[in-house]
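Each residue of the sequence shown is one higher than the one before, starting from 12 at the first, in our numbering. Ideal Cβ positions, reconstructed from N, Cα and C, are used throughout, including at glycine. Notes for the one structure printed next.
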Amino acid sequence: MMNPLQKNTWETIQQTTVTDLRVARQHLWLNVGTYLGLFVIELSCAQLAHSQVLRADAFNNLSGIFSTSLLMTGLYMAAKTHDNDLWGAPIAPSEQLAMSPRIQQSRFRFETLYTLVAGLVMVEIAGDIIYQATRALFFPTTPVLQSRIAGIGAGLSTLILLLLWLANRHWAHHLANTALVAAAEIFQLTQQVDTLMKQTFNVAVAALMVISSDQLP
């Protein structure tokens, strides 16, 4: 059982950590709103410009929402401070002093666990994108020239994501929070996927132009 000094020290550590977790979770709402807004903007521009690249990038933002939701779930579970065990059963008052710190420390592990799961989801998404890009490279479709609307939509999304990445990076270092670090990594993955898709599209267009020129009399 903890003495009064240990109890006060633990309560201070617990309160500081829980506050940081809740602040980090609030900032992740900005990520969800940003990805959702980018999905609407890019999908609208893709429809107007008939851009398959921008359409694919728009749906890629949904994966960012899913990964961010996993991080938020982990932060929510880690920041719970009710006097119950991990399964929700109440702890007897006589056992709270001894068991509450251990259970709260176990709750803090949820942040790490859900960050790991979000990372695995990002790896799976990256693998699928590489497969789709490789397939498009060897089995290209008829190219469609991109209009100015598609360029504006892509440029706007890049600027917004850059600002979001800077915000995530700042608060990740300020709060020393792994979930915000993972959120910043989601941005980097999104940008790499976007670049890969555009490069694949350009290579496919160039290959089709060469094939078409060879077929001319």
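Residue i, buried or exposed, once every other Cβ within 10 Å from all chains shown has been counted against 16
{"i": "GLU53", "result": "buried"}
{"i": "PHE70", "result": "exposed"}
{"i": "GLY138", "result": "exposed"}
{"i": "GLY48", "result": "exposed"}
{"i": "THR30", "result": "exposed"}
Pairwise C-alpha distance: residue j and residue i
{"i": "ASP68", "j": "PHE149", "result": "20 Å"}
{"i": "SER62", "j": "CYS56", "result": "8 Å"}
{"i": "ASN42", "j": "TRP176", "result": "9 Å"}
{"i": "ILE171", "j": "GLY44", "result": "11 Å"}
{"i": "VAL134", "j": "THR84", "result": "19 Å"}
{"i": "PHE77", "j": "ILE141", "result": "19 Å"}
{"i": "TRP182", "j": "ILE163", "result": "29 Å"}
{"i": "ARG180", "j": "GLN26", "result": "23 Å"}
{"i": "THR123", "j": "VAL34", "result": "16 Å"}
Beta-carbon spacing of residue i, residue j below 9 Å
{"i": "SER74", "j": "VAL128", "result": "no"}
{"i": "VAL64", "j": "ALA165", "result": "yes"}
{"i": "ALA60", "j": "ARG146", "result": "no"}
{"i": "TYR46", "j": "LEU81", "result": "no"}
{"i": "ALA89", "j": "ARG66", "result": "no"}
Min CB distance residue i to chain D below 9 Å
{"i": "VAL51", "result": "Here chain D cannot be found, since the structure has a single protein chain."}
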